[in-house]
Amino acid sequence: MRILLALLALHQIQNSGGIDAIQSPTDETILCRSCGRGLADPSFLHTSHLSPEYLARRNHTKLFGSSGVVSVEKLRNPAGVQFEIVTFDTAGCSGVGNWEKEGTWFPGYLWRVCVCPKCGAHVGWMFEPEDLLSSTRVQPKPSQAGFYGIILKKVISEDFAHTVTLSGNHLH
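In this note's numbering, the protein residues as written are 221 to 392.
Given below as structure tokens:
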């Protein structure tokens with residue numbers, strides 16, 4: 221059902237003349253798996269922010285059409301839930317809640333939940349150096365020194381969405 225929703229959203233995006241999020245210079249966009257909204261551009265994949273708290277780390281080549289090696293890290297939150305994430309310099313998700321210090325996977329960085337602005341699905345986190353945040357100013361997105369950690373299972377590549385085919389039997 222989720223793939224069908226992603227395909228329908230992709231069809232709407234293509235027929236409306238564009239994505240209201242980030243357009244990829246490589247013609248590849250990373251989509252929310254729940255609704256198909258464009259969330260990130262693979263050219264903004266970022267591998268210099270690696271967590272010392274990782275449970276496992278593996279390198280992928282050509283993940284989301286990237287031309288370089290991309291690190292995928294498995295991390296565990298304080299509640300014991302594990303996530304595989306990739307990091308981006310910028311993304312089209314929306315921050316929810318306050319910037320938090322406790323439970324960060326990246327020492328020296330604060331975090332906040334990041335959700336799809338269309339469907340509200342939790343897709344990852346924003347990270348910001350704690351010395352750049354002001355207690356008197358609301359900062360909705362990370363600065364250039366910040367980054368995004370996107371949960372791999374919560375996104376799908378536009379290229380993959382294009383290859384999915386559905387037969388008439390699955391539409392009943």
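Note that the Cβ used here is the ideal one computed from N, Cα and C, for glycine as well.
Endpoints, beta strand (DSSP E) assigned at residue i
i      : result
Glu273 : Per DSSP, Glu273 belongs to no beta strand (DSSP E) and is neither H nor E.
Distance, residue j Cα to residue i Cα
i      : j      : result
Glu350 : Pro298 : 20 Å
Ile370 : Thr307 : 6 Å
Cys213 : Ser286 : Any answer about residue 213 is impossible in this case: the structure gives the chain only from 221 up to 392.
Counted within 10 angstroms of its Cβ, other Cβ atoms place residue i as buried (16 or more) or exposed
i      : result
Ala276 : exposed
Pro362 : buried
Pro262 : buried
Glu378 : buried
Val289 : exposed
Ala260 : buried
Lys374 : buried
Lys338 : buried
Rounded Cβ spacing between residue i and residue j (contact assumed at less than 8 Å)
i      : j      : result
Arg332 : Glu322 : No, Arg332 and Glu322 are not in contact; Cβ-Cβ is about 12 Å, not under 8 Å.
Reference residue i, options the options, closest by Cα
i      : options                           : result
Ile250 : Phe284, Leu352 and His266         : Phe284
Phe174 : Cys255, Ser254 and Glu273         : Since the first and last residues shown for the chain are 221 and 392, residue 174 lies out of range.
Glu293 : Val301, Ile305 and Gly300         : Ile305
Leu330 : Gln302, Gly315 and Gly258         : Gly315
Phe347 : Gly340, Gln359, Ala341 and Cys336 : Gln359
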